[in-house]
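For what it's worth, this note's numbering labels the leading residue of the sequence shown as 21, then goes sequentially.
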Amino acid sequence: MTDRALHNQGGPVVRVRVPGDVEAWLVGGYDEALHVLRSPHQFVCDSRVGRVYRENLLSADSPLRPMTQWAPLLAFADGAEHARLRRAVAESLEQLSRHNMRRYIRHYAKQLLAAFEDRGRADLIADYAAPLPVLVMNHLLGLPPEMGPKLGQAVADSMSGKSNAADANDFVVRTMEDLARSKWSARTSDAKVIDFTSLLIRHPEQLTFEEVVQHLRLTLATSCTPTTGLIGSALGEILTDRKFSADVRRGQITMSEALNRVLWNHPPLALLPTRWAVGDTELGGQHIRAGDLVVLDFGAANRDPSKRGPNLELPVDHNEGHLAFSAGPHECPGRDIGRAIAETAVDVLLERVEDLELTVEAEELARIEAFISRPLAALPVAFTPPRAAPRHNRRPVPQATVTQTPEPGPAEDAGTRRSSRRLERRR
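Okay, here's the thing in structure tokens:
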């Protein structure tokens with residue numbers, strides 16, 4: 021069902037079936053979605069409340085399990101336990117300096133560009149948007165770069181809602197277990213090492229080994245595939261919307277404002293199947309029973325005519341009221357990382373290549389129909405290869421950990437440091 025059909029025919033809340041042949045409620049009204057997100061006393065994240073788990077209705081290999089099965093994660097916790105886990109994750113992420121992070125993002129972006137820029141042709145998804153978040157997150161978690169391709173594909177598969185999701189999720193978990201185990205023994209002897217894994221292990225909240233592993237998995241899942249989708253959608257808009265492209269290239273809007281528009285129109289995670297009704301309740305004119313699965317449709321909610329106008333004519337560049345990063349107590353603690361990767365990725369590409377052109381018609385661009393997202397499948401482009409820099413001017417790959425904060429310099433230009441004001445959500 022399209023967003024418009026949802027609003028015009030089905031209403032803000034409709035009954036659907038999700039992968040695994042599970043009945044659920046799809047919430048596409050903005051106000052209704054915001055109510056669910058801000059009402060943990062009515063709709064909880066702990067899937068053990070869900071009827072499908074209480075009555076054992078999901079098969080062991082159900083594609084819904086990797087996204088909904090309870091684990092010791094902040095995403096499945098509420099109240100005091102959620103606050104404890106969120107502190108550990110949020111404070112560990114905060115220690116990874118955002119500006120220092122951008123310098124490493126720029127390095128990896130330039131490294132990827134160098135691999136294809138002489139060809140004058142590329143698929144900006146496969147060659148750029150997909151590998152970049154994985155390279156950055158590998159670095160921040162303390163993993164070697166060579167783990168990137170296989171791990172990135174496994175993360176994407178685990179969130180696809182397809183038959184191989186469970187196996188892919190198992191591979192990601194095993195990899196995170198190996199990583200956590202390697203860092204665990206050094207948690208007291210090597211306090212100078214600062215990567216996200218080590219910070220999480222040493223945090224005063226004293227997470228268990230299993231909690232560390234599961235939060236590494238969650239951080240990867242919410243940072244890689246969604247950020248690839250965000251980069252792809254932003255570049256897709258630039259390549260298909262002449263006015264948007266001109267506004268971005270001429271500085272009429274900042275990169276942060278440009279991403280706001282993309283986050284409203286193409287949220288990287290379009291569906292969030294992680295809320296369960298605590299008791300019988302009413303929502304959007306529908307009777308929701310205790311234990312029902314409630315799926316939030318951010319794509320539809322962000323296009324709700326009551327907030328955007330009947331033809332999406334109301335401007336949103338300066339409005340951060342979109343639901344792309346959720347809302348309420350479970351708002352994504354890693355939103356700044358995702359935005360930093362996406363903003364820097366687009367900045368670096370536009371700085372380096374000035375005449376990007378699609379090699380197919382805009383109507384031919386296809387999106388992958390995964391359960392919770394619809395990222396662009398490919399973005400084939402042609403361009404004039406930039407003149408290669410002299411070899412002696414090329415910077416080597418930084419081998420230091422992110423603890424060694426480089427001095428701000430040309431690698432962190434003003435364009436990548438712009439930030440937008442946080443505005444209140446529309447009601």
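By construction, the Cβ of each residue, glycine as well, lies at the ideal position given by its N, Cα and C atoms.
Burial state of residue i, where buried means 16 or more other Cβ atoms lie within 10 Å
i           : result
residue 234 : buried
residue 329 : exposed
residue 334 : exposed
residue 379 : exposed
residue 266 : exposed
residue 413 : Note that residue 413 scores a pLDDT of 42, beneath 50, so its modelled location is shaky and nothing firm can be said.
residue 242 : buried
residue 404 : exposed
residue 183 : exposed
residue 389 : exposed
Run of the beta strand (DSSP E) containing residue i, from where it starts to where it stops
i           : result
residue 307 : 306 to 308
residue 141 : 141 to 143
Bridge partners - residue i, DSSP secondary structure assignment
i           : result
residue 301 : 308
residue 377 : 402
residue 44  : 36 and 313
residue 64  : 296
residue 387 : 396
Residue-chain proximity (residue i, chain D), Cβ-Cβ < 8 Å
i           : result
residue 274 : Judged by its chain identifiers, the structure shown contains no chain D, having just a single protein chain.
Per-residue DSSP class, three states only, for residue i
i           : result
residue 371 : helix
residue 291 : strand
residue 167 : helix
residue 115 : helix
residue 343 : coil
residue 328 : helix
residue 99  : helix
residue 234 : helix
residue 69  : helix
residue 180 : coil
residue 335 : coil
residue 226 : coil
residue 382 : helix
residue 455 : Outside the displayed span of the chain (21 to 447) sits residue 455, for which this structure offers no information.
residue 353 : coil
residue 31  : coil
residue 122 : helix
residue 147 : helix
residue 138 : coil
Extent of the continuous alpha helix (DSSP H) run through residue i
i           : result
residue 204 : 185 to 204
residue 284 : 275 to 285
residue 249 : 245 to 260
residue 4   : The chain is shown from 21 up to 447; residue 4 falls before or after that span and cannot be answered.
residue 54  : 50 to 57
residue 217 : 216 to 222
residue 321 : 318 to 322
residue 213 : Neither: residue 213 is in no alpha helix (DSSP H) and is coded neither H nor E.
residue 153 : 151 to 161
Contacting residues, own chain, Cβ-Cβ under 8 Å from residue i (five flanking each side not counted)
i           : result
residue 410 : Low per-residue confidence applies at residue 410: pLDDT is 46, beneath 50, and the placement is therefore not dependable, though the value from the model is reported in the following sentence. None.
residue 236 : 161, 196, 199, 200, 216, 217 and 220
Neighbourhood of residue i by C-beta distance below 7 Å, restricted to the same chain and skipping five residues each side
i           : result
residue 310 : 297, 298, 299 and 300
residue 204 : 221 and 229
residue 155 : 128, 165 and 168
residue 112 : 216, 219, 220 and 223
residue 351 : 345
residue 332 : 323
Sequence-distant residues of the same chain with beta carbon closer than 6 Å to residue i, five excluded per side
i           : result
residue 102 : 94
residue 246 : 288 and 289
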